[in-house]
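One structure below.
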Amino acid sequence: MNVHPPAAPALAMRGISKSFGATRALDEVDFELEAGRVHALLGENGAGKSTLMKILSGAIKPDAGRIILDGEPYAPAGPLDGRRRGISMIYQELNLAPHLTVEENIVLGREPRSFGFVDRTAMRNRVRSALELVHHPEISPGVRVKGLSVGAKQLVEITRALFEKTRILIMDEPTSSLSLEDTERLFEIIGRLKAEGVGIIYISHFLEEVQRVADTVTVLRDGRRVHTGDMSRVTLDDLIRMMVGREVKEMFPRLPHAVGEVVVSARKFRGKRMPSAVDLELHRGEILGLAGLIGSGRTEALRTLFGLDELDSGVVEVFGRASGRLAPNRMIRRGLGFLSEDRQGEGLALPQSLADNLTLSFFGPYVRLGFLRVKLQIRAAEDWIRRMNIKARHARQPVSSLSGGNQQKVALARLLHQKADILLLDEPTRGIDVVSKSQIYEWIGRLAQEGKAVLFVSSYFPELLGVCDRIAAFHRGQIVDVKPAEDWDEHRLMTAATMGRVA
Amino acid sequence: MKARNQLRAVLNLLAPFLGLLLVMVLFSLMPDIQDRFLRLANFKSVATQSVIVALGALGMTFIIISGGIDLSAASNIALASVITAYAINAGLPPAAALAAGVLTGGLVGVVNGCLITSLRLVPFIITLGMMGIGRGVAKWIAGNQKIDAPMTWVNELMAKSPRPSWLLLAPGVWLMILLAIAMAVVLRRTVFGRHILAIGSNESTARLCGIRTVRSKIWIYTISGLFCGLAGVMEFSRLTVGDPTVAVGLELDIIAAVVIGGGSLSGGQGSILGTMIGVFIMAFLRNGSTMMGWPNYIQEIIIGAIIVAAVALDQFRYRREA
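Line by line, the protein sequences give chains U and S.
Numbers given in my numbering equal positions in the first sequence, counted from 1, plus 1173.
Numbers given in my numbering equal positions in the second sequence, counted from 1, plus 14.
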């Protein structure tokens, strides 16, 4: 492994500007990257990070400014150009072909060929050595990608980028779907990439991680660069302040609320997709966190409870009454609401309007004799847009045109709109900017104040510790322990989640 | 903002409308047929000729919007026409025979819906199978020949010169118009319509929101079946015989109408008005081509080209909006 510390930065972007219609997405932004270093790019949703990276990868062209790559001018005609020059981007929404195997995905577009036929042996050998770097128990060359967990899929994408001899790797929210284990693995891989001279641009909302992995940091706000400097010289508070432009007092607003009687009780509860049976109790006005690694069975438990997956055995009582057959429409009538972790695949109907998505689970107030009173529906939707600070032009807009964070707000607003008394939230703040996260924590606290009950699944322990009343730690489908949040700390949660025992 | 959104909705329909206009202008400019083409009598003729495809397309619009497809539509039409003829022949009052035809279509629809929701097979495969079964049953009942039936008022439904004459258009045409309006209202203004759009956009999301997807889908295929049944009655009315070999390949015309009108085969998009425009584009094409004396295969080539153009245009528009 040869490391040649370069005299000039490997990448220099100067004076980049880009507008989309009336919106100025980027305003004379400068950005530099040195080989073998990690440069973090921070900013709220809509600050311009994605746009800047899309310009770099060649997906869009800037209105002004220039880019110099390894001393040569760089003006890609398209993403393929970018990839040929060694710039790879790994998106938040993964770009894999689910029906092909790991191996086939990794070599897609660069299959080792022999007279037009795929050279299978060469392919397998090269893939195997590339996968050595990644080392994930689920991933083996012959496995079909669609069977892999989200974390494993992401690692396959990273391997594909490496396979293409990438020099600059852009990672957009790489850890948002990864377990702690996989995240550690990723950081290891990043370390190895650095040693090989690969420059990495790291975009993430997990500031503690960014602090760990990045050498340099740049903060964008409203399309402008507000800060660039050594990571070691700024505090997280400073960064948040620069991203937001105002003080964010408390990440986790602690709203006082009283915990009441049991509203949901699940005994010896096991679904067809759950690794084992669990016992759960949820109280009125309580925020119960379900902590654990990805694959530990929390999502499966939640989905079975809501009736999306089949129940095998066990008794579920809601508000003291036996639940009967579990099905989404029945659970909604009983007062439950469900927020899926896969908001695009299962939370929203993207081509439909904001208003339709918002009222999809509860058309009741706008219906008369089967007919929809559209004006009423739109007005109510506009009300919710204001209340939840959703950045949209109007309620008839298709939800696909909103940013990720705003889409998530619509999905959450739907639960609030349907007046759910018991909310099952699966990773509600994944991939969302800091300010929106803080807003969501506030709403959850307010819901508890109003006497609603919340089941909060998350792999991000600090938010569970900051928001929940009690936390249940999952390990391989079983609940290791359930304790008040004060009796947990990150270390204890980690131990329970990774090793299945109480520290 | 509202105006901008309305403008977009208008533009969305503009494309198929322009297509229709283009077709009509094209034929109006042909010197040989100008005088014959642009006549009320011809328009009435076209309207009458569209009824069967239109009725099938109304139901198909819902199916396609929900993300499904129905290849058995045409064989269902044939089966319904045979049943209607059989019933009249057997001495049933015409109204009952009409009902029998419509309900037969509905029954096939129910079977389609139930099979699709219970077996984990895609609608394409299930309805492909039903296409064969439906056609086979029709031939069986008809004894592999056409069924003659005595004339009743059912045969008046598709008459070009209706009695009473103040109707101007055949009763079948009025029925088509009324049902189109009704279905447009159902699609845009009822909760059922929203459910269908949601199921077609993202079935998982619809389930998650408590929509009874199984029930809704069975309803969609049943309703479409009823429409096919009605189309079958109209077919019988037009031919005055129950012919089990009628409407072969018509399902493709029906699906084409929906797609030309803006329906997306992946679901979540489509409109009744668009479908009707699609129906008329094809009807005027056939009408004009026949008048010009062009052979059948020219019509087929042109219609095929239009389908590709319509879908390409639709994709182009969709990509620009997103």
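Heads up, the beta-carbon is just placed ideally off N, CA and C, and yes, glycines get one too.
With a cut-off of 8 Å on the beta carbons, I'd call residue i and residue j a contact; round off their distance for me.
i                : j                : result
A212 of chain S  : T204 of chain S  : Rounded, the Cβ-Cβ distance is 13 Å, inconsistent with contact.
V1627 of chain U : L1596 of chain U : 5 Å
L1666 of chain U : F1634 of chain U : 5 Å
F250 of chain S  : G115 of chain S  : 7 Å
R1507 of chain U : V1491 of chain U : 5 Å
I234 of chain S  : I210 of chain S  : 6 Å
Is the shortest distance between the beta-carbon of residue i and the beta-carbons of chain S less than 8 Å?
i                : result
A1495 of chain U : no
H1177 of chain U : Any reading at H1177 of chain U is ruled out, since the residue's pLDDT is 45, under 50, leaving its predicted position unreliable.
Q1525 of chain U : yes
E1519 of chain U : yes
S1513 of chain U : yes
I1363 of chain U : no
K1422 of chain U : Note that K1422 of chain U scores 49 on pLDDT, short of 50, meaning its location in the model is unreliable; the coordinates nonetheless yield the value given after this. Answer no: the Cβ-Cβ gap between K1422 of chain U and chain S never drops below 8 Å.
I1617 of chain U : no
I1505 of chain U : yes
P1601 of chain U : no
N1502 of chain U : yes
A1431 of chain U : no
F1536 of chain U : yes
S1192 of chain U : no
L1481 of chain U : yes
Just verifying my parser: in three-state terms, what is the DSSP assignment at residue i?
i                : result
M1344 of chain U : strand
E1420 of chain U : Reliability of the predicted coordinates at E1420 of chain U is poor, the pLDDT of 49 falling under 50, and the value obtained from them is presented with this limitation in mind. Here E1420 of chain U sits in coil by DSSP.
Y311 of chain S  : helix
H1430 of chain U : coil
I147 of chain S  : helix
Q1570 of chain U : coil
T1688 of chain U : Limits of chain U in this structure are 1174 at one end and 1676 at the other, which puts residue 1688 of chain U out of reach.
D162 of chain S  : strand
T1274 of chain U : strand
G1188 of chain U : strand
F1425 of chain U : coil
V1202 of chain U : strand
H1643 of chain U : Note that residue 1643 of chain U is Arg in the sequence shown here, rather than His. Of the three classes helix, strand and coil, the one that applies to R1643 of chain U here is strand, per DSSP.
P1235 of chain U : coil
K1564 of chain U : coil
E1665 of chain U : Rather than Glu, the amino acid found at residue 1665 of chain U in this sequence is Arg. It is helical.
T1196 of chain U : strand
S1576 of chain U : coil
With a cut-off of 8 Å, does the C-beta of residue i fall near any C-beta of chain U?
i               : result
C223 of chain S : yes
T219 of chain S : yes
A324 of chain S : no
G283 of chain S : The sequence shown places Gln at residue 283 of chain S, rather than the Gly named in the question. Taking Cβ atoms only, chain U reaches closer than 8 Å to Q283 of chain S, which makes this a yes.
M15 of chain S  : Below a pLDDT of 50, predicted positions are generally treated as unreliable, and M15 of chain S, at 48, falls in that range; the measurement from the model is reported next regardless. True, the Cβ-Cβ gap to chain U drops below 8 Å.
L211 of chain S : yes
F206 of chain S : yes
S80 of chain S  : no
R203 of chain S : yes
A336 of chain S : Per-residue confidence for A336 of chain S stands at a pLDDT of 46, beneath the threshold of 50, marking its modelled position as unreliable; the derived number appears in the next sentence. Yes, A336 of chain S counts as interfacial toward chain U.
R134 of chain S : no
S215 of chain S : yes
Any idea which residues DSSP pairs residue i with across the strands?
i                : result
G1402 of chain U : U:V1390
G1444 of chain U : U:L1484
V1627 of chain U : U:I1460 and U:L1596
P1246 of chain U : U:I1241
Y1375 of chain U : U:A1213 and U:M1344
H1648 of chain U : U:Q1651
S1438 of chain U : U:E1454 and U:E1490
V122 of chain S  : Beta-bridge pairing links V122 of chain S to no other residue.
Does the ligand HEM have even one heavy atom less than 7 Å from the beta-carbon of residue i?
i                : result
V1627 of chain U : Absent from the structure shown: the ligand HEM. Ligands present: none.
Subject >> Within the region 1470-1508 of chain U, ranges of the alpha helix (DSSP H) (whole runs, at least 4 residues) >> reply: Every alpha helix (DSSP H) stretch that sits fully inside the region 1470-1508 of chain U and reaches 4 residues is listed by chain position as 1471-1479 and 1501-1507.
Original post:
If you scan the region 204-275 of chain S from start to end, which runs of the beta strand (DSSP E) of 3 or more residues do you find wholly inside it?
Top reply: Positions of the beta strand (DSSP E) runs, each at least 3 residues long and wholly inside the region 204-275 of chain S, cannot be given because no such run exists.
**OP:** Identify every run of the alpha helix (DSSP H) within the region 1504-1545 of chain U, keeping only runs that are complete inside it and at least 4 residues long; order them along the chain.
**Re:** Listed in chain order, the complete alpha helix (DSSP H) runs (minimum 4 residues) inside the region 1504-1545 of chain U are 1516-1519 and 1527-1532.
Original post:
What residue ranges within the region 32-100 of chain S form continuous alpha helix (DSSP H) runs of no fewer than 4 residues, ordered along the chain?
Top reply: Runs of the alpha helix (DSSP H) lying entirely within the region 32-100 of chain S and spanning at least 4 residues, in chain order: 48-51 and 54-79.
Subject >> 4 or more residues per run - each alpha helix (DSSP H) lying fully within the region 282-306 of chain S >> reply: Listed in chain order, the complete alpha helix (DSSP H) runs (minimum 4 residues) inside the region 282-306 of chain S are 286-306.
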